[in-house]
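>
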Amino acid sequence: MNNELYSTKLYLQVEMSGVIELWKVADAVCFDVDSTVIKEEGIDELAAFCGKGDEIAALTRKAMGGSMGFRESLSTRLNIIRPSMARIQEFIRAHPPTLSDHIKELVNCLHRRGTNVYLISGGFRSIISPIALQLNIPLENVYANKMKFYFTGEYAGFDENAPTSSNGGKGKVIAALKRKHGYSNLVMIGDGATDLEACPPADAFIGYGGNVIREEVKNKSKWFITDFRELIDALK
Ligand SMILES: [Mg+2]
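At position 24 of the sequence shown the residue is numbered 17 (the numbering used here), and the sequence of numbers has no breaks.
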């Protein structure tokens, strides 16, 4: 092996072991939800359920390549779906989200150690709360967007003041958590670019590709896993 390749490899190993050491002493762990804690993307599933799947998929592709801000893209998509409160309840009943493999054991393991677990998502509370309950995560540890409804139950928009509806929103939530609780070893785990961008302020980031692998995230993660058992094993 040539020297340069050897030193790059060595450097990456040192970087990864730094994240593993921090993981072992994490005082707070924040998970992304879509394609991380659950196997699906909540908004895409909701759109498909409301018969708007193709329209939303086309828009998501466009938003990914373009300069549309997160809030604008969320607002555009929801204005197409316009789910009523009743429709969302039907959706949750008909399409309960599938938990990712071994996430439940991982969260249990963290709770037993006294580590605080949070869910931080650009998706919606109404869809995420049942997931938090399944994982015994208190609802006050869920940071996500809030849909608004008229008293008739019709869709009325979403709370645009929530940090999770803005670009860099996950980082804002993490910075606030660190200020409030004084966490010094906060780990963010997720599959997407917005999760990666939340570190810093997160002290470490672990990329997760158990449901979908995003090359950019994989390449930039110091520690990239495809099975949550790797994280459980590292705690033993
Ligand atoms: Mg995700």
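We put the beta carbon where it would ideally sit given N, CA and C, even for glycine.
It should be emphasised that the depicted structure is a prediction, and the values quoted were computed from it without experimental measurement.
Could you pull out every residue in the same chain whose Cβ sits closer than 6 Å to the Cβ of TYR176, ignoring the five residues on either side in sequence?
Counting only Cβ-Cβ distances below 6 Å, and skipping sequence neighbours, we find ASP20, ALA21.
> May I ask which residues mark the beginning and end of the beta strand (DSSP E) holding VAL166?
First-last for VAL166: 162 to 174, but that is the alpha helix (DSSP H), not the beta strand (DSSP E).
> Verify the CB distance criterion: does ARG105 have a CB-CB separation below 9 Å to chain B?
Among the protein chains of the structure shown there is no chain B, as only one such chain exists.
> Taking the alpha-carbon positions, what's the LYS32 to GLY162 distance?
Using only the alpha carbons, I get a separation of about 22 Å.
> On a CA-only basis, which of THR219, ALA40, SER214 is nearest ILE120? Give me that one, please.
Ranking THR219, ALA40, SER214 by Cα distance to ILE120 puts ALA40 first.
> Less than 8 Å between C-beta atoms, sequence neighbours within five positions excluded: which residues of the same chain meet that for SER158?
Cβ within range, chain order: PHE63, ARG64, LEU67, GLY115, ASN138, PHE151, ASP152.
> Strictly by DSSP, which residues pair up with VAL18?
Looking at the DSSP assignment, VAL18 forms no beta bridge with any residue, so it has no partner.
> If distances are taken between C-alpha atoms only, which option among MET61, HIS88, GLU8 comes closest to CYS43?
Here the closest residue by C-alpha is HIS88.
> Apart from the five residues just before and just after VAL18, which ones in its own chain have a Cβ nearer than 8 Å to its Cβ?
Within the same chain, VAL18 has close Cβ partners ASN178.
> When DSSP labels each residue in this structure, what does ILE31 get in the three-state scheme?
Three-state result, ILE31: strand.
> For ASP47, count neighbouring Cβ atoms within 10 angstroms of its own Cβ and tell me buried if that reaches 16, exposed if not.
Under this definition ASP47 is an exposed residue.
> So what does DSSP say about ILE130, is it helix, strand or coil?
Reduced to three states, the DSSP call for ILE130 is coil.
> Assuming contact is defined by CB atoms lying nearer than 9 Å, are CYS23 and TYR111 in contact in what I supplied?
The answer is yes: Cβ separation under 9 Å.
> Whole angstroms are fine: how far does the CA of HIS174 sit from the CA of ARG118?
Taking the straight line from one Cα to the other gives about 22 Å.
> Can you determine whether any heavy atom of ligand 1 sits closer than 8 Å to the C-beta of SER28, and answer yes or no?
Yes, Cβ of SER28 sits closer than 8 Å to a heavy atom of ligand 1.
> I need the boundaries of the alpha helix (DSSP H) containing MET78, first residue and last residue.
MET78 -> alpha helix (DSSP H) spans 78 to 87.
> Determine the burial state of SER214: buried for a count of at least 16 other Cβ atoms within 10 Å of its Cβ, exposed for fewer.
Its Cβ being crowded by 16 or more others within 10 Å, SER214 is buried.
> So the beta strand (DSSP E) VAL180 belongs to, where does it begin and stop?
VAL180 -> beta strand (DSSP E) spans 179 to 183.
> Mark GLY200 as exposed unless 16 or more other C-beta atoms lie within 10 angstroms of its C-beta, in which case mark it buried.
By the 10 Å Cβ count, GLY200 comes out buried.
> Among LEU52, ILE13, ALA169, GLU83, which residue has its Cα nearest to the Cα of LEU71?
When only C-alpha atoms are compared, the closest one is LEU52.
> When DSSP labels each residue in this structure, what does LYS139 get in the three-state scheme?
Of the three classes helix, strand and coil, the one that applies to LYS139 here is coil, per DSSP.
> Count the other CB atoms, across all protein chains shown, that sit within 10 Å of the CB of PRO131; report buried if there are 16 or more and exposed otherwise.
It is exposed - the Cβ of PRO131 has fewer than 16 other Cβ atoms within 10 Å.
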